[in-house]
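Inspection log for the structure reproduced underneath, given as structure tokens.
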Amino acid sequence: MAEALIPAAELSKPGADSLTAVPALNLGDLDITTDEFILDEVDIHIQANLEDDLVKEALKTGVDLRQYSKQVETELQRIEQASIKDYIKESQNIASLHNQITACDSILERMEGMLSSFQSDLSSISSEIQTLQQQSVSMNLRLKNRQAVRSQLSQLVDELVVPSTMISVILDSPVTEQEFLEQLHELNSKINYAKELSFRETLACSDIQDIVDRLKMKAVSKIREFILQKIYSFRKPMTNYQIPQNTLLKFRFFYQFLLANERTVAKEIRDEYVDTMSKIYFSYFKSYSGRLLKVQVTCILTKKNIKADLNRPVELCRSVLWSDVTQLELFGLMNQQYCMSGITRRYAEFSSAVVSINQTFPNERTIALLGQLQVEVENFVLKMAAEFPSRRDQLIFLINNYDMMLGVLMERAADDSKEVEGFQQLLLARTQEFIEEILSPPFGGMITFVKESEALMEKGQLDKLRTDEARITQLVRGFSSSWKQSVEALSQDVMRSFTNFKNGTSIIQGALTQLIQYYHGFHKVLSQPTFRSLAVRSELINLHHLMVEVKKHKPNF
Numbered sequence: 058m059a060e061a062l063i064p065a066a067e068l069s070k071p072g073a074d075s076l077t078a079v080p081a082l083n084l085g086d087l088d089i090t091t092d093e094f095i096l097d098e099v100d101i102h103i104q105a106n107l108e109d110d111l112v113k114e115a116l117k118t119g120v121d122l123r124q125y126s127k128q129v130e131t132e133l134q135r136i137e138q139a140s141i142k143d144y145i146k147e148s149q150n151i152a153s154l155h156n157q158i159t160a161c162d163s164i165l166e167r168m169e170g171m172l173s174s175f176q177s178d179l180s181s182i183s184s185e186i187q188t189l190q191q192q193s194v195s196m197n198l199r200l201k202n203r204q205a206v207r208s209q210l211s212q213l214v215d216e217l218v219v220p221s222t223m224i225s226v227i228l229d230s231p232v233t234e235q236e237f238l239e240q241l242h243e244l245n246s247k248i249n250y251a252k253e254l255s256f257r258e259t260l261a262c263s264d265i266q267d268i269v270d271r272l273k274m275k276a277v278s279k280i281r282e283f284i285l286q287k288i289y290s291f292r293k294p295m296t297n298y299q300i301p302q303n304t305l306l307k308f309r310f311f312y313q314f315l316l317a318n319e320r321t322v323a324k325e326i327r328d329e330y331v332d333t334m335s336k337i338y339f340s341y342f343k344s345y346s347g348r349l350l351k352v353q354v355t356c357i358l359t360k361k362n363i364k365a366d367l368n369r370p371v372e373l374c375r376s377v378l379w380s381d382v383t384q385l386e387l388f389g390l391m392n393q394q395y396c397m398s399g400i401t402r403r404y405a406e407f408s409s410a411v412v413s414i415n416q417t418f419p420n421e422r423t424i425a426l427l428g429q430l431q432v433e434v435e436n437f438v439l440k441m442a443a444e445f446p447s448r449r450d451q452l453i454f455l456i457n458n459y460d461m462m463l464g465v466l467m468e469r470a471a472d473d474s475k476e477v478e479g480f481q482q483l484l485l486a487r488t489q490e491f492i493e494e495i496l497s498p499p500f501g502g503m504i505t506f507v508k509e510s511e512a513l514m515e516k517g518q519l520d521k522l523r524t525d526e527a528r529i530t531q532l533v534r535g536f537s538s539s540w541k542q543s544v545e546a547l548s549q550d551v552m553r554s555f556t557n558f559k560n561g562t563s564i565i566q567g568a569l570t571q572l573i574q575y576y577h578g579f580h581k582v583l584s585q586p587t588f589r590s591l592a593v594r595s596e597l598i599n600l601h602h603l604m605v606e607v608k609k610h611k612p613n614f
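Structural data, given as structure tokens:
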């Protein structure tokens with residue numbers, strides 16, 4: 058709606074200044090104060106203005122447009138003057154506003170610069186993040202590659218390093234020492250590994266080849282001398298050759314080492330052994346056939362007297378022995394270990410005394426009777442051991458009694474006597490069985506896996522275990538986390554079970570040596586192509602590090 062026009066009379070009334078300003082008429086370019094215009098354009102302007110709502114309203118109300126125009130002009134001038142006064146009044150504020158706007162504009166300009174710089178920094182940071190991401194991917198790849206070769210490289214370094222301990226033991230220690238046997242196993246492993254590397258034309262192999270060859274020749278020389286001395290001991294008169302033969306079984310790895318690394322020496326020892334045993338057998342058969350030819354009928358009374366003289370000490374021992382056995386049975390096997398120690402000690406003291414006398418005055422009949430008595434004592438000890446419920450307790454019982462009897466016999470009898478060597482073989486066999494028995498609970502899983510794998514390797518069927526990754530992972534991590542506690546518990550258990558500290562120490566050393574050999578076999582199995590891709594191989598304990606740590610658990614007495 059167009060606003061109503063205000064008559065001119067109303068504008069002249071007092072208070073008219075406070076009225077709302079009248080909207081200006083939209084007269085366009087119409088100028089009614091001059092006579093210079095073009096009629097066509099005037100017509101157009103007039104027609105356009107006549108269409109205006111305000112003009113229409115003014116015409117309807119009869120308002121004088123010229124008067125109305127002057128009123129509007131006057132009012133505009135008045136408003137203009139008032140506006141100018143307001144501007145002058147607020148000039149300081151306007152100036153302050155201008156300054157503030159200028160300052161804000163400057164601040165905004167600086168912020169624009171900062172934002173531009175920040176945007177540039179963000180672009181640079183984005184580029185750096187991308188670079189770091191690429192470096193991270195590259196480092197991750199290198200880490201995976203290093204982990205993949207870590208176990209193989211670790212084994213390579215271990216096999217290439219020749220520790221000073223091995224050198225000193227091979228050069229200076231007697232071949233009968235347990236430590237020499239341990240280092241000989243390790244040396245044999247290094248020799249085989251060096252051969253394998255030489256086939257691959259590995260340059261690092263040449264760094265240790267010279268020292269390994271020298272150690273091999275020294276070990277071969279010492280082993281040759283030791284075995285030949287044992288073979289020559291067969292030739293002593295009145296020697297039971299079966300006992301030294303059994304003694305050599307303890308050192309069977311020596312011949313395996315010679316056969317693998319020095320076949321000429323191995324052949325020499327074999328030929329010497331065959332020649333010696335041939336002569337011994339020939340001598341026995343020759344003596345036997347000669348005695349058969351010289352058999353003569355002698356006085357029966359003389360035979361009876363001789364038999365009585367020979368049987369008297371043996372029958373005396375039997376009576377004492379079975380008297381103690383009867384006493385043991387009457388006590389209902391109470392305090393069995395104590396009673397058995399007394400019985401076996403009496404036998405050992407009697408037997409050592411007779412053996413000592415027989416060495417000075419040899420008598421074959423006495424030797425035969427002592428042999429029968431020894432068999433009876435061995436059977437009796439086995440019978441008593443069977444009373445224990447577990448195989449572990451049976452072995453402890455047997456080892457303690459064999460060790461005690463052997464200790465008494467060795468005080469008087471010669472080291473190569475039948476009795477001494479017989480009990481040495483029994484003690485060795487039961488000790489080895491006991492070692493396997495005590496290693497089984499903590500390490501039985503690994504031992505079983507190694508034995509199964511080695512059997513399959515000989516048949517070329519190791520791929521059958523390819524699906525046992527979970528089992529292998531459990532064995533590797535289980536051994537790494539608990540072997541120290543298990544070895545400590547094993548050592549304490551052994552020392553509590555055997556009264557002879559020296560014997561207990563020997564058993565612990567044998568058990569730890571056997572454990573290292575099993576773990577070395579475990580390493581060897583996992584190094585086969587079937588298992589080389591397993592990630593858990595990187596968690597295997599370094600074999601040299603394990604040997605160093607194991608030696609800390611060996612007791613010293």
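Quick note on my numbering: the sequence shown kicks off at 58 and runs consecutively. Even for Gly, the Cβ is constructed at its ideal location relative to N, Cα and C. Nothing here was measured: the structure is a model prediction, and the numbers come from that model.
Pairwise C-alpha distance: glutamine 451 and asparagine 458: Residue numbering aside, residue 458 sits at position 401 when the sequence shown is read from its first letter. Residue numbering aside, residue 451 sits at position 394 when the sequence shown is read from its first letter. Between asparagine 458 and glutamine 451, the C-alpha separation is close to 11 Å.
In whole angstroms, what is the alpha-carbon distance linking leucine 306 and arginine 292? As a position in the sequence shown, residue 306 is number 249, starting the count at 1. As a position in the sequence shown, residue 292 is number 235, starting the count at 1. Approximately 18 Å, taken between the alpha carbons.
Look at glutamine 585 and leucine 519 and say whether their C-beta atoms are less than 8 Å apart. Taking the first residue of the sequence shown as position 1, residue 585 is located at position 528. Taking the first residue of the sequence shown as position 1, residue 519 is located at position 462. Against a cut-off of 8 Å, the Cβ pair of leucine 519 and glutamine 585 comes out as a contact.
Mapping the DSSP letters down to three states, classify isoleucine 292 as helix, strand or coil. Taking the first residue of the sequence shown as 1, we reach residue 292 at position 235. A quick correction: the sequence has arginine, not isoleucine, at residue 292. Three-state result, arginine 292: coil.
Helix, strand or coil, according to DSSP, for serine 447 in the structure here? Translated into positions along the sequence shown, residue 447 becomes position 390. In the structure shown, serine 447 sits in coil (DSSP, three-state: anything other than H, G, I, E or B).
Is glutamate 511 near valine 465, with beta carbons less than 8 Å apart? Residue numbering aside, residue 511 sits at position 454 when the sequence shown is read from its first letter. Residue numbering aside, residue 465 sits at position 408 when the sequence shown is read from its first letter. No, the Cβ-Cβ distance between glutamate 511 and valine 465 is not below 8 Å.
DSSP three-state call for phenylalanine 588: helix, strand or coil? Position 531 of the sequence shown, counted from the start, is the residue given in the question as residue 588. If DSSP states are grouped into helix, strand and coil, phenylalanine 588 belongs with coil.
Rounded to whole angstroms, how far is the Cβ of arginine 281 from the Cβ of isoleucine 326, which I believe are closer than 8 Å? Within the sequence shown, numbered from 1, the residue matching residue 281 stands at position 224. Within the sequence shown, numbered from 1, the residue matching residue 326 stands at position 269. The pair is a contact, with the Cβ atoms about 7 Å apart (cut-off 8 Å).
Pair every Cβ in the stretch 481 to 501 with every Cβ in the stretch 593 to 610, then say whether three or more of these pairs are closer than 8 Å. No, because fewer than three Cβ pairs between the stretch 481 to 501 and the stretch 593 to 610 fall closer than 8 Å, the two stretches do not touch.
Can the beta-carbon of threonine 304 be found less than 8 Å from the beta-carbon of glutamine 416? For the purposes of this step, residue 304 is taken as residue 247 along the sequence shown, with counting starting at 1. For the purposes of this step, residue 416 is taken as residue 359 along the sequence shown, with counting starting at 1. In terms of Cβ geometry, threonine 304 and glutamine 416 do not form a close pair [threshold 8 Å].
Which value, in whole angstroms, describes the spacing of the CA atoms of tryptophan 540 and threonine 333? Here residue 540 refers to the residue found at position 483 of the sequence shown. Here residue 333 refers to the residue found at position 276 of the sequence shown. Rounded to the nearest whole angstrom, the C-alpha separation of tryptophan 540 and threonine 333 is 47 Å.
Spatial neighbours of methionine 604 in its chain, beta-carbon cut-off 7 Å, leaving aside the 5 residues before and after: Reading the sequence shown from its first residue, position 547 is the one you call residue 604. The residues are Ile573.
Looking at C-alpha atoms only, which residue of Ser193, Phe506 and Asn560 is the closest neighbour of phenylalanine 536? Working through the sequence shown from its first residue, we reach residue 536 at position 479. For the options Ser193, Phe506 and Asn560, the alpha carbon positioned closest to that of phenylalanine 536 is the one of Phe506.
So what's lysine 324 in DSSP terms, helix, strand or just coil? Translated into positions along the sequence shown, residue 324 becomes position 267. Helix, per DSSP.
Contacts around arginine 487, its chain only, beta-carbon distance under 7 Å, and the 5 residues preceding and following it disregarded: Counting from one through the sequence shown, the residue named residue 487 turns up at place 430. Result list for arginine 487: Leu452, Leu455, Ile456 and Tyr459, in chain order.
Count the other C-beta atoms from every protein chain shown that fall within 10 angstroms of the C-beta of isoleucine 495, then say buried if there are 16 or more, exposed otherwise. Taking the first residue of the sequence shown as 1, we reach residue 495 at position 438. Label assigned to isoleucine 495: buried.
Hey, is isoleucine 227 close to the ligand NAP, as in C-beta under 7 Å from one of its heavy atoms? Absence of the ligand NAP is noted for the structure shown, with no ligands found whatsoever.
Taking the alpha helix (DSSP H) that alanine 527 falls in, what are its first and last residues? Within the sequence shown, residue 527 is the residue found at index 470, counting from 1. Here the alpha helix (DSSP H) through alanine 527 covers 526 to 554.
If you reduce the DSSP assignment to three classes, tell me which class leucine 350 lands in. Residue numbering aside, residue 350 sits at position 293 when the sequence shown is read from its first letter. The answer is helix: DSSP assigns leucine 350 an H, G or I state.
How about serine 409 and alanine 471: are their beta carbons less than 8 Å apart? Counting from one through the sequence shown, the residue named residue 409 turns up at place 352. Counting from one through the sequence shown, the residue named residue 471 turns up at place 414. Contact flag unset, no.
Given serine 34 as reference, the closest of Leu430, Ser413, Leu315 and Asn420 once Cα atoms are compared: The displayed coordinates of the chain run from 58 to 614. Any statement about residue 34 would go beyond what the structure contains.
Decide if the stretch 234 to 253 is in contact with the stretch 211 to 224; the criterion is three or more beta carbon pairs, one per stretch, under 8 Å apart. Enough Cβ pairs lie closer than 8 Å, so yes.
Counting along the chain, where does the alpha helix (DSSP H) carrying valine 252 start and finish? Locating residue 252 in the sequence shown gives position 195, where the first residue counts as 1. It is lysine, not valine, that sits at residue 252 in the sequence shown. First-last of the alpha helix (DSSP H) with lysine 252: 235 to 256.
Could you check if lysine 609 is buried or exposed, using at least 16 other CB atoms within 10 Å of its CB as the buried criterion? Counting from 1 along the sequence shown, the entry for residue 609 is found at position 552. With fewer than 16 other Cβ atoms within 10 Å, it is exposed.
Counting C-beta neighbours from all protein chains within 10 Å, is the total for phenylalanine 256 16 or more, i.e. buried, or is it exposed? For the purposes of this step, residue 256 is taken as residue 199 along the sequence shown, with counting starting at 1. Phenylalanine 256 should be labelled exposed.
What's the gap between the Cα of phenylalanine 310 and the Cα of asparagine 245? Mapped onto the sequence shown, residue 310 falls at position 253. Mapped onto the sequence shown, residue 245 falls at position 188. Each residue's alpha carbon lies about 10 Å from the other.
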